[in-house]
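Going by UniProt numbering, the letters in the sequence shown line up with residues 1 to 300, in that order. C-beta: ideal position from N, C-alpha, C; glycine also. The structure displayed is predicted, hence computed values, not measured ones. Remarks on the structure that follows.
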Amino acid sequence: VTEKPYLDFYAKQGARLVSRDVDDKGKFFRARESLYIALGISPGFLRGKTVIEFGPGTGHNALYTDWLGPSRFVLVDGGPDILAASKERLVTNGSDLVEREFICSLFDDYNSMELFDFVIAEGCIPNQTNPVDLFKKMQRFVKPGGLMLFTTVSPVSWLSEIFRRLAKNRIVSLEMSEEEQVNLMVSKLEGHFDTLNNMARTPEEWILDNLFQPHGEGKLFTIPDSLNNLSSEFIVSGTSPTYYQDWAWYKDVAHSNTERNARFIETYFSNVLNFVDRRFIFPTHSQELGRQVEEIASNI
Numbered sequence: 001v002t003e004k005p006y007l008d009f010y011a012k013q014g015a016r017l018v019s020r021d022v023d024d025k026g027k028f029f030r031a032r033e034s035l036y037i038a039l040g041i042s043p044g045f046l047r048g049k050t051v052i053e054f055g056p057g058t059g060h061n062a063l064y065t066d067w068l069g070p071s072r073f074v075l076v077d078g079g080p081d082i083l084a085a086s087k088e089r090l091v092t093n094g095s096d097l098v099e100r101e102f103i104c105s106l107f108d109d110y111n112s113m114e115l116f117d118f119v120i121a122e123g124c125i126p127n128q129t130n131p132v133d134l135f136k137k138m139q140r141f142v143k144p145g146g147l148m149l150f151t152t153v154s155p156v157s158w159l160s161e162i163f164r165r166l167a168k169n170r171i172v173s174l175e176m177s178e179e180e181q182v183n184l185m186v187s188k189l190e191g192h193f194d195t196l197n198n199m200a201r202t203p204e205e206w207i208l209d210n211l212f213q214p215h216g217e218g219k220l221f222t223i224p225d226s227l228n229n230l231s232s233e234f235i236v237s238g239t240s241p242t243y244y245q246d247w248a249w250y251k252d253v254a255h256s257n258t259e260r261n262a263r264f265i266e267t268y269f270s271n272v273l274n275f276v277d278r279r280f281i282f283p284t285h286s287q288e289l290g291r292q293v294e295e296i297a298s299n300i
């Protein structure tokens, strides 16, 4: 039986693992707004537009999107329980003016002729078996002039989780129950959580999702992976964190979108060290150093 990335583990653990603590909705919405603005997406853009979200989880992030007033909102997830939780949240707390459709389907199996103004694939492409192929497929649902939001994970940015996974294998015993293993890791990593301000999940949920979830044949999906596989019609409007600076005069346009996107890759490799630890900000460095660090991290 082939393991289905994310879905099999979430089916075992339940929808709580993709839930979020949003008691302060205003604060949560401001965080989402900040992300959208960093990505070059004006919140007002979505009013009256059509949106599709792949992997909405239990709908916390989708609730913000819903409140921005799209005319139509399609949510696709392969986990029926998770999708049901998302539906309940949006129907109960969302806008009365949005037409919604909830589709239970694996991403690879979803097909439609419908195109959308805004396509969201947040946190669901990395660690898939064929993330690049999935990314290319999802691009096809974007209308001309539309936008796509997606998440990348590089070996360097994931390095801390890799080390924690290795440490977990040394710390816990397979003779312990899962609950005992999780509780032990919570105590061992207590100081780590103190550095993560505004966590939206409990330490137990975070540990299960990041340290216990098997990724099997899953592959990372890096910034270069995404930019090298963007359709030529796309250009990058923004990233979070914002690492790209372009001092070119606005009339000195690149010869092609591909050329412009290539500059993002060059700048990424000149800032790789800044993806290691969010607590430190390093000056730009040579691309060669960035590529070496990325290669070392990918081999761990």
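Out of 220, 106, 242, the CA that lies nearest to the CA of residue 38 is found in 242. Within the region 86–164, the alpha helix (DSSP H) runs of at least 4 residues that lie entirely inside it are, in chain order, 131–139. Just so you know, the alpha carbons of residue 134 and residue 212 end up roughly 24 Å apart. A direct Cα-Cα distance of roughly 40 Å separates residue 177 from residue 239.
Taking a C-beta distance under 9 Å as the contact criterion, residue 221 and residue 272 do not qualify as a contact pair. A Cβ-Cβ contact shorter than 9 Å links residue 11 with residue 79. The DSSP-derived three-state label of residue 30 is helix.
Between residue 62 and residue 73, the CB-CB gap stays under 9 Å. About 32 Å separates the Cβ atoms of residue 182 and residue 223, ruling out a contact at the 8 Å cut-off. The region 135–144 and the region 251–258 do not touch, with fewer than three beta-carbon pairs separated by less than 8 Å.
A residue is called buried when at least 16 other Cβ atoms come within 10 angstroms of its Cβ; residue 270 meets this threshold and is buried.
Annotated three-state conformation of residue 258 is helix, per DSSP. Proximity to residue 227 across 132, 217, 173, 201 peaks at 132, based on C-alpha coordinates. Apart from sequence neighbours up to five positions away, the residues of its chain that approach residue 35 with a beta-carbon distance below 8 Å are 240, ordered along the chain. In the three-state scheme derived from DSSP, where H, G and I count as helix and E and B as strand, residue 291 is classed as helix.
If you draw a straight line from the Cα of residue 100 to the Cα of residue 70, it is about 10 Å long.
According to DSSP, residue 209 shares a beta bridge with no other residue.
Exposure of residue 195 is indicated by the presence of fewer than 16 other C-beta atoms within 10 angstroms of its C-beta. Residue 129 is positioned such that its CB atom lies closer than 9 Å to that of residue 219.
Straight-line measurement puts the Cα of residue 266 at about 17 Å from the Cα of residue 155.
Per the C-alpha coordinates, the member of 76, 171, 282, 280 positioned closest to residue 59 is 76. Under the three-state reduction of DSSP output, residue 252 falls in the coil class, being neither helix nor strand. Take the alpha-carbon of residue 124 and the one of residue 274: they are about 23 Å apart.
Contact holds between the region 37–53 and the region 111–119, because three or more Cβ pairs, one in each stretch, are under 8 Å apart. Nearest to residue 201 by alpha-carbon distance, out of 247, 68, 186, is 186. When the alpha-carbon of residue 262 is set against those of 286, 279, 251, 236, the nearest one is in 236. In this structure, the CA atom of residue 98 is about 10 Å from the CA atom of residue 68. If you draw a straight line from the Cα of residue 285 to the Cα of residue 165, it is about 29 Å long. Note on residue 282: under 16 other CB atoms within 10 angstroms of its CB, so exposed under the neighbour-count rule.
Between the C-alpha atoms of residue 298 and residue 92 there is a straight-line separation of about 43 Å.
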